[in-house]
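Below is one structure; the comments refer to it alone.
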Ligand code: ZN
């Protein structure tokens with residue numbers, strides 16, 4: 101009987117062969133060392149594969165993904181990925197990448213019960229509560245999803261800035277910046293949310309300025 105995963109293994113073999121035909125030493129080089137410049141913190145959604153949507157090959161992005169691209173102050177998994185990326189790999193940019201139409205964000209807006217994941221999504225719920233007045237004024241729901249996806253990416257990027265790893269890196273003068281983006285499933289384009297933080301002291305003003313700029317433009321359907 102053919103394994104249901106046979107197709108995946110076969111396409112892996114074909115991919116490996118094609119890559120080696122184009123660059124015979126590609127895997128040898130990568131196997132020796134990874135030196136990515138970027139840490140990508142994104143949603144687990146299968147439609148948002150980090151390297152593919154910015155058209156980069158393996159080895160260029162260190163990736164941490166979870167449901168609704170949350171950066172929780174007590175999530176050892178995400179904190180460890182940030183620490184390894186900053187202290188060991190010395191990435192220069194941390195990208196928090198939300199995506200429009202995120203199911204986790206929508207579940208929060210709908211107050212829908214999905215199971216255990218509801219506990220995790222409380223972090224997005226906190227963002228929704230923080231910006232409750234603003235969100236309540238947005239109609240229809242699709243635009244509310246758009247806005248909360250953006251706000252969530254920005255708030256989680258601020259959480260990155262407040263980790264001890266990032267604050268310590270800035271303290272010792274390491275070149276590191278934190279950004280918030282939002283990807284559209286509908287056209288494959290990434291929107292830069294305008295939040296770029298390069299220092300601990302600059303975090304609050306960068307957040308407030310980018311939020312004001314974002315809100316000055318009425319949310320477009322994504
Ligand atoms: Zn999502």
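Residue numbers (our numbering): 101 to 322. Cβ atoms here follow ideal geometry from the backbone N, Cα and C, with glycine treated the same way.
Selection 154, 196, 124, 220 evaluated against residue 139 yields 196 as nearest (Cα-Cα). In the DSSP assignment, residue 139 forms a beta bridge with 162, 194. A distance filter of 6 Å between CB atoms and the heavy atoms of the ligand ZN selects the following residues in sequence order: 143, 145, 168, 199, 202, 203, 204. Distances from the CA of residue 144 to each of 134, 303, 163 were compared; the closest alpha carbon is that of 163. When only Cα atoms are considered, residue 160 and residue 128 end up about 15 Å apart. If you draw a 10 Å sphere on the C-beta of residue 254, you find 16 or more other C-beta atoms in it, and that means buried. A check of alpha carbon separations from residue 244 across 175, 312, 205, 134 identifies 205 as the nearest. Taking a 10 Å sphere around the C-beta of residue 281, we find 16 or more other C-beta atoms and assign the residue as buried.
Annotation for residue 235: 228, 244, 247, 248 place their beta carbon closer than 7 Å to its own, counting only its chain and skipping 5 residues before and after. Comparing alpha-carbon positions, the option among 262, 288, 125 lying closest to residue 300 turns out to be 262.
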